[in-house]
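These notes are about the structure you will find just below.
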Amino acid sequence: MNEWVTDAPTFAVVGKINMGKSSVLSTLLEIDDDKLIRVSSTPGETTRCYALPLTFDDKEMIRFVDTPGFSRALEVMRVIQELHGEGTPDRATIRRFVDEQMEKGEFEDEARLLEPVVEGAGVLYVVDPSKPMRDAFVAEMEILRWTGTPRMALLNEKAEHSDRTEEWKARLGSYFNLVRTFNAHHARFEERRSLLKSLLEIDEKNKGRIEQTIRLIDSEWEQRREESAEFIMDFLAKALKHRETEKIDEKEEELEHRKERAKEQLKKRYYSSIATFEEQTYRKLLKLYRHKLLKVEVVEEKFHGVDLSSEETWQKWGLSRSQLAIAGGLAGGAAGAAIDIGTAGLTHGFGTVFGALTGAGGAFFKGDSLPELKITAQGVTFDGDRRKALIMGPPESDNFAWVLLDRVLHHYQEIVTRSHGRRDEGTIDGEGEGWVRKFGRERRTLIQKWVIGQLKGVERSFDPEVFRELVSVLVEVEKG
Ligand SMILES: Nc1nc2c(ncn2[C@@H]2O[C@H](COP(=O)(O)OP(=O)(O)OP(=O)(O)O)[C@@H](O)[C@H]2O)c(=O)[nH]1
Ligand SMILES: [Mg+2]
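Be aware that the sequence shown starts at 793, since it is given in the working numbering, and climbs by one per residue.
What follows is the structure, encoded as structure tokens:
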């Protein structure tokens, strides 16, 4: 058996140094780890070949090989021509070049990159079409043509815009069986999938295997989306059901003073719990989508998940007021639910001791003021003993769940659209637009009904209908 080409269809990713070969592979294979694929702005960073298998259930379905870049293609072309003598050099001559150069080492990089190709690997030739076309590039294309191996060119445009793309396409067209665009910093699932599909066009004999791989990545993607919908649903349910309690032992006369302090502490604790639930959700999503570099900030002051205490959050995210009124109305009175929740299941008929601290009545539609972030705190006695407790959460606003959902969707989009080829450390904390305001009425009502149930403390968080709806929402979010 050859060193680089096994029984899995094999494709070597080649091109001039620093064109983005390693980045293309990182994105295609969802590897954002420099220890596995080295990406660097220093040209010549990849110095030998690396086999990068695309595996499912431990089976190598397709093998890619990352290679060192061409650095002296013109000289190499001449050496191969001399080696061959009259006529057009063929694969056998290039194999001789590889064997000789591996030993002598003058053109070691080129020998290494051509090794898998002479062994029979298909070629993905990466170019950055914002670069001017030079003779060296033509020499690379010529050498690759001599190998006679099936080959495709990938345009990985690093600059925002380039006028040279058409010129490149025309030139590449005469050397490659296929020319495709694949941007290492922007490609999403659809583009990755379509790159795999293009392999079918240059490698007929492995049709079955490649098609099977595409089916596998499709079902894996669907599975991830479904898991994500579950994570999101769990998060919402947890947040909606969450209550913070604090026992109070002081005598009646000290209560007023104590209440104020306890209220502040509870409020803090409440928000920090919600932030923790949210952060856990993102961690799960990041893992699911194989991001190691993309992070959620753990430092509390730096965590800009849902900053519920900011007025901007309430203006920007969640439903509009009229949508809320409609959703609430259709779902059966959200405001009423908001009043119930403070006591539901907690007072056990013992009654509140000193009633709502901030005044219950979730009617935030009152007046023109913005939805306020009031958390209803109530005092209750616990079974038997005389101890009192403050209970806090969730915020009165009917928009609470929608704001949370909106932000999670926004971050979901950041996660699924971030390409693994990028090596800048990112944090998920982007500016953007909300999603839920664009939801149709039926979708809003369905979700609102579930939200009310959760607020009321319905035990089951999972609802198949809401789950399916969330999955469709995620499909839309992925498309952007
Ligand atoms: N803006 C932008 N930069 C890119 C893109 N693709 C690669 N780069 C950057 O270009 C540089 C080279 O990328 P690599 O993937 O290491 O290139 P390479 O062809 O493997 O380089 P060698 O292994 O050194 O031959 C890195 O700094 C990348 O981050 C892209 O699509 N857009
Ligand atoms: Mg490289």
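Glycine included, each C-beta is placed from N, C-alpha and C at the ideal position.
Using 7 Å as the cut-off, classify the Cβ of residue i as near or not near the heavy atoms of ligand 2, replying yes or no.
i	result
K813	yes
D858	yes
T838	yes
So, are the CB atoms of residue i and residue j less than 8 Å apart?
i	j	result
E1003	N969	no
A1031	F1069	yes
L921	S954	Contrary to the premise, residue 921 reads as Pro rather than Leu in this sequence. Contact: yes.
L947	V919	yes
P860	R904	yes
M944	R963	no
W1109	G1185	no
W938	F981	no
A979	T838	no
V1200	E1270	no
A928	A865	yes
G1213	V831	yes
M869	A951	no
E1019	L1080	yes
G1024	L846	Looking at the sequence provided, one finds Ile at residue 1024 rather than Gly. Not closer than 8 Å, so no.
Beta carbon of residue i: closer than 7 Å to some heavy atom of ligand 1?
i	result
E1251	no
I809	yes
S832	yes
H977	yes
R864	no
G861	yes
N969	no
G1213	yes
K950	yes
P1187	no
P835	yes
Which residues in the same chain have their Cβ closer than 7 Å to the Cβ of residue i, if we skip the five residues on either side of it in sequence?
i	result
L817	V805, I829, L844, F856 and D858
G1143	Confidence in G1143 is poor, its pLDDT being 24 and thus under 50, which makes the residue's placement unreliable; the coordinate value appears in the next sentence. So no residue of the chain qualifies.
H1203	Y1074 and I1220
I1006	R985, L988 and K989
Q873	P881
R888	L875
P1256	none
V1243	L1032 and A1193
G1115	Note on identity: in this sequence residue 1115 is Gln, with Gly being the wrong assignment. Within the same chain, Q1115 has close Cβ partners R1229 and R1236.
K961	V971
L1197	L1028 and V1228
N998	P801
If I measure Cβ to Cβ from residue i and keep anything under 6 Å in the same chain, skipping five residues before and after, which residues do I get?
i	result
E911	N794, W796 and V797
K808	G861 and F862
W1194	G1110, L1111 and V1228
P1066	The residue you asked about is not Pro; residue 1066 is Ile in the sequence shown. Excluding sequence neighbours, I1066 sits near A1031.
L916	F803, V805, M944 and L946
Taking residue i and residue j to be in contact with their CB atoms under 8 Å, please state how far apart those CB atoms are, rounded to whole angstroms.
i	j	result
K1033	G1249	6 Å
D995	P942	5 Å
F803	A976	Contact doesn't hold; Cβ gap of about 16 Å is too wide.
S1253	D1026	6 Å
R1082	E822	5 Å
E959	M925	6 Å
Which residues in the same chain as residue i place their Cβ atom closer than 8 Å to its Cβ, once the five residues preceding and following it in sequence are excluded?
i	result
T940	For the sequence presented, residue 940 should be read as Gly rather than Thr. Within the same chain, G940 has close Cβ partners D882 and R883.
R1001	A800, P801, M853 and I854
V1267	R1017
I886	I872, L906, V909, V910, I935, W938 and T939
L1008	F848 and M853
R1260	none
K1087	L1078, E1217, G1218, T1219 and I1220
M894	E900, A903, R904 and E907
D1010	R985
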